[in-house]
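Chains A and B, in that order, give the protein sequences.
When we follow our numbering, the leftmost residue of the first sequence carries the number 305, and every step to the right adds one.
When we follow our numbering, the leftmost residue of the second sequence carries the number 28, and every step to the right adds one.
Here is the structure we will look at.
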Amino acid sequence: MSSFHPHLLDRRLRVARAVVWLVIGVFVVVFFRTQILEHGKYRLQSELNRLRPIPLPAPRGLIMDRNGKVLAENVPGYTVSLLPGDEDSLRATLRRLAPLVKLDSAELTRVLLRHSRAPYLPVTVLTNAKFELVSALQERRVIFPGLLIQPEPKRHYPDSSLVAHLIGYVGEVTEAERGQRRFTGVRLGGVVGKDGLERQYDDSLRGADGMRFVEVSALGRVVREAGAASTLLPVAGQPLRTTIDLDLQRYVAQIFPAGQRGALLALNPNTGEILALYSSPGFDPNAFVGGIDPGAWRRLNESESHPLFDRSIQARYPPGSTWKLAVAAIALKRGLVTFRSHMPIPCRGGLQYGTRFFRCWSAQGHGDLALADAIAQSCDVYFYQLGLKIGLSSLLEEANRIGFHTRTGVDLPGEITPEFPAGTEYYDRAYGPRRWTSAVTLNLAIGQGENAQTLVNMVRFYQMLASDGRARAPFLVHPASNTDVTLGLSPDQLAGLRQAMISVVERGTARGAGRFGGTITIAGKTGTAQNPHGPAHGWFIAFAPADKPEIVAGAIIEFAREGPFVAPLVTRVIGHYLGVDTTIASHMRIVLPTDTAPRPMPILPGLPTEDTTVTDTSHADTTRTDTTGATPTPRNR
Amino acid sequence: MRPRLREIDRPLAGVVVALAAYGLAALYSAGQTDVPTFVTTIWHKQLIWLAVGAIAAFLMFGLSPRLLEWATPYAYAIAVLVLLLTLAVGTGGGTAASSKSWITLGGLRLGQPAELAKLAVILMLARWLAERREPPATLRDLVYPSIIVGVPFALVVLQPDLGSAIVFIAILFAMLYWAGTKASLLLLFGSPAIGLALAFSTAAWGAWIILLFALLLWWRPYVWEGLSVMLANIVMGIVAVPFWRRLAPYQQNRLLAFLNPEVDPRATGWHVIQSKIAIGSGGFLGKGFTQGPQKRLAFLPAQHTDFIFPVVGEELGFLGVVIALALFAVLTLMLLRIARRATDAFSSLCVFGIAGMLFTHIVENVGMTVNLLPITGIPLPFFSYGGSFLLACSLAVGIALRVAWDSRQSGYAEL
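Shown next, in the form of structure tokens:
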């Protein structure tokens, strides 16, 4: 038994002991490294392992009208979400949830997509859950690991569609928006303003989301609210006080002809504060809260009347006769005419210019008129000649200076620039140098031709007329940096223009109690915009009281046939604002000229009348959503 | 002469009792989770198994090594038969539900025969090596012990239970070494395994073949030995890739996750990552007994069996780990001393085999919790819950106690 000789055994024993000590020594070193040297790292991982952050959404700031009445508020809602886990278990939980929550496959895909974007945040399954559903889920929460139901402030618009275009709406932030600077810091799935004031003032309305932590088990079940980790409370958004007069806004919505497309804008001429802004048709902004149903979204977008479209700032219409006052103001400023000036050729129902005959809207003719009467009668022949007298380049220069080529800078998203030539080069570009004649001046002088204005821009021009001649940018919360654009007219000239407008409206009398003893004087101007797709669009812009205006209001109604159709609407709004008893508003008699503008004359000599390019801009330029159709072919009426 | 209880080897018995108590405490803690599971009360069962184990150890203590030696072939035959039976009718359990490691009788899971088979293999090897007067000197001498280990090894691999299979190999090498086999022969014997491990890199494998060739020239074994060793290594290089493909996906994943746990942190790497987080977050003194959040929130997988050591690491910290490792070291060294002092070759080999088996379990289990070794899923002696293994450990300790008693009786008392 030599191999078991004690001497040999001792040698092997030493080796075996050395192996044991070596291995144990290695273990001690490894555990020392793991538990002592890398302790911090693993402790952090352990915390991350078991603590799940849950965003606490901040309530958005209230939006109020000028008197503190609420336009947008928050009501309690419930959000159903799932704590993150691996995708397979999430899928399994969603499948079990699907019959209760009524998720279709498209929504399931969306939920999984949300999860893949932010795998460490709870994934929202349903915002805006009904209370019955919430209680049903609570009963079964044992079978849904990681189910999280939390109360979440939900946006609510008490006046819904009435203030839709003004307030806009909110929705979940999109991937693209998160890349923009204005939405930095918005968490995934956060709610941001999508349109209107909600979007414009999103920064201050949004507030800052908070965060709380829950402790979860490996299966993703919430074990307890983590007491150790501090909760970050949400900071509510700033309230927003607007210049809107909710009472007036409601009144506008109430009397706006049902089913008509158009817009109405009222502002304080002395400050630029917007009192009412209404676009028809409206939509229900509450439908967007918590994600709009795709069917409803499609209906809104595909509707022929484009309800999402704010017609007060996003649609362009040829200003028609409402623009004649601009021509008059320019001529007065340049000192070319006075209110008593006559034009060389009296109105005989039209004006022969070159080889063409430019008609007046009144076939019988107005005879020989002074400027004041020409405004009142809206005589086209007078303004053809006035335009020629000013000259095209001066006309364009002055009009650009007054702001017919720029946005008003109203604090709403999506305002479009009016269509107006910046100078005579415009015509060179459009037709080629020397391929056009002064006929363009004639069209321009009566508000036709290459001229399409937004309602807000036209109302701002009348605001200048109604005040001391200085432009004040229309605004809802904060005015845009004020420009020093003025009409450059003397107080007498301004008063004369107002007087001429009063003659347009004649006298609007309203019986009943009122600050003005039951009678107000409204100064205004109608306009009719040629529309190649059907009846013309009607304009009316007015202010009152005429001697010391407190409100200027303008409206455009699509397919309204004529401006006079629009006038009662605007005058009633003005009357309401000024405290005249509008229950008998139908007693207000308004006599207006039917100054439907003549069809625009072709400018290119020798070309057929169906010249498309010339009057491209003479229909409502609503290319953004193409309200009036795509073919800009003018037609004889 | 029958041994009496008070003549027991106190140091060994003391360290085993300490380990059993420590292990039971760890198992109790492993059940203290925020969401109670069946693990919560499993320490009750472990207590019963400990009692059964104490009785088994006492019976082995009373059993003469001569009787044991006589009974060894029968025990071995029974073990092989039961392993065959397991393969035929065995069921899965726990985390390895698709394997066949359990003998189930009428829905009652009786145990894992592989654990007891380890003991049978130790006895059989000890008997064979003790009967030879000389240590194995050539590869041919190793054929018979290879068969003794190879049969149960193959049966266990087929279950498949990779962890236990590795223990069989460790036992074989440990006992061959203790029997006096030269290191060079053991290296040649084990060289195909090295060839297999290195076959995944052509350069490493080529270098190994050249080194092996040089060693063969130097040691000058029989020509046929040298040729067969060389051939075996080359064959390993060829079959390595098909062999890899034959491995079950979870086995492949475990090996890959060992190399880089972050490859798939949610699935395969999960065990290792969570285990390291638990251990690392324990720090020096730990989070306090039963207070570990990783364990409480069930982030630790199999925290009552294979991954019970991270519970110790998380709750009792580095200190608790060092104490446990010290107890394990003392246990192994005690067994080594008993093996050294044994009165006969069979007893000595038995105890050394037992030491090898327990130490392999300790190294493999503790090593995998800190990603020092791949995950193989074998229990930690006296800590992990499991009747069969605890019984096997108890029987082994009983044998060692008897051997210690015998050597003391023959005057090897205080040397």
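Where is the CB? At the ideal position from N, CA and C, for every residue including glycine.
Gly-879/A carries a helical assignment under DSSP once its states are collapsed to helix, strand and coil.
Uninterrupted alpha helix (DSSP H) stretches at least 4 residues long and entirely within the stretch 322–401 of chain B occur at 336–368 and 372–396, given in chain order.
Contact with chain A is found for Val-397/B, since one of that chain's Cβ atoms lies less than 9 Å from the residue's Cβ. Residue burial annotation: His-670/A is buried, with at least 16 other C-beta atoms found within 10 angstroms of its C-beta.
For His-646/A, the beta-bridge partners assigned by DSSP are Ala-674/A. Think of a sphere of 8 Å around the beta carbon of Thr-359/B: the chain A residues whose beta carbon falls inside it are Val-324, in chain order. Bridge partners of Ile-358/A according to DSSP: Arg-516/A. Only Pro-320, Gln-321, Leu-324, Ala-325, Phe-326 and Gly-340 from the stretch 316–343 of chain B bring a Cβ to less than 7 Å from some Cβ of chain A. Your pair Val-348/B and Gln-442/A does not check out as a contact, with CB atoms roughly 44 Å apart and the cut at 8 Å. Within chain A, the C-beta atoms nearer than 8 Å to that of Ala-356/B come from Val-324, Trp-325 and Ile-328, in chain order. For Pro-172/B, the enclosing alpha helix (DSSP H) stretches over residues 170–185. Sequence-distant partners of Phe-180/B (beyond 5 residues in either direction) whose C-beta falls short of 8 Å from its own C-beta, in its chain, are Ala-192, Phe-195 and Ile-196.
Within chain B, the residues placing a beta-carbon under 7 Å from that of Tyr-346/A are Lys-303, Ile-304, Gly-307 and Ser-308, ordered along the chain. About 24 Å separates the Cβ atoms of Phe-416/B and Glu-96/B, ruling out a contact at the 8 Å cut-off. Spanning the alpha carbons of Leu-355/A and Pro-388/A requires a straight line of approximately 11 Å.
Going by C-alpha positions, Ala-382/B is about 11 Å away from Trp-205/B. Per DSSP, the continuous beta strand (DSSP E) segment holding His-841/A begins and ends at 841–848. Counting the other Cβ atoms within 10 Å of the Cβ of Val-116/B gives fewer than 16, which makes it exposed. In this structure, Pro-717/A places its C-beta atom within 9 Å of the C-beta atom of Gln-504/A. Leu-110/B is positioned such that its CB atom lies no closer than 9 Å to that of Leu-32/B.
Here Leu-425/A is near Pro-359/A, since their CB atoms are less than 9 Å apart.
Per DSSP, reduced to three states, the secondary structure at Thr-165/B is coil, with no helix or strand assignment. For Val-262/B, the nearest beta carbon of chain A is not closer than 9 Å to its own beta carbon. For the alpha helix (DSSP H) assignment, the uninterrupted runs of no fewer than 4 residues enclosed by the stretch 208–247 of chain B are, from N- to C-terminal side, 210–225 and 229–246. Between Leu-283/B and Gly-365/A, the alpha-carbon positions lie close to 54 Å from each other. Taking the CA atoms as reference points, Pro-408/B sits about 29 Å from Gln-436/B. Contact fails between the stretch 712–730 of chain A and the stretch 640–657 of chain A, because fewer than three Cβ pairs, one in each stretch, are under 8 Å apart. By the Cβ test, the stretch 298–308 of chain B is not in contact with the stretch 267–277 of chain B, since fewer than three Cβ pairs between them sit closer than 8 Å.
In the structure shown, the three-state DSSP call for Arg-444/A is coil.
Interface annotation, Val-334/A: in contact with chain B, CB-CB separation under 9 Å.
Contact annotation: Asn-747/A and Glu-754/A have beta-carbon atoms nearer than 9 Å. Leu-74/B and Leu-185/B do not touch by the CB rule: their CB atoms are close to 34 Å apart, not below 8 Å. For Trp-205/B, the neighbours in chain A by C-beta distance under 7 Å run, in chain order, Arg-316. In this structure, DSSP gives Arg-545/A an extended state, which the three-state scheme calls strand.
Contact annotation for Phe-311/B against chain A: Gln-339, Ile-340 and His-343 [CB-CB distance below 9 Å, chain order]. Nearest CB-CB separation between Ala-353/B and chain A: below the 9 Å threshold.
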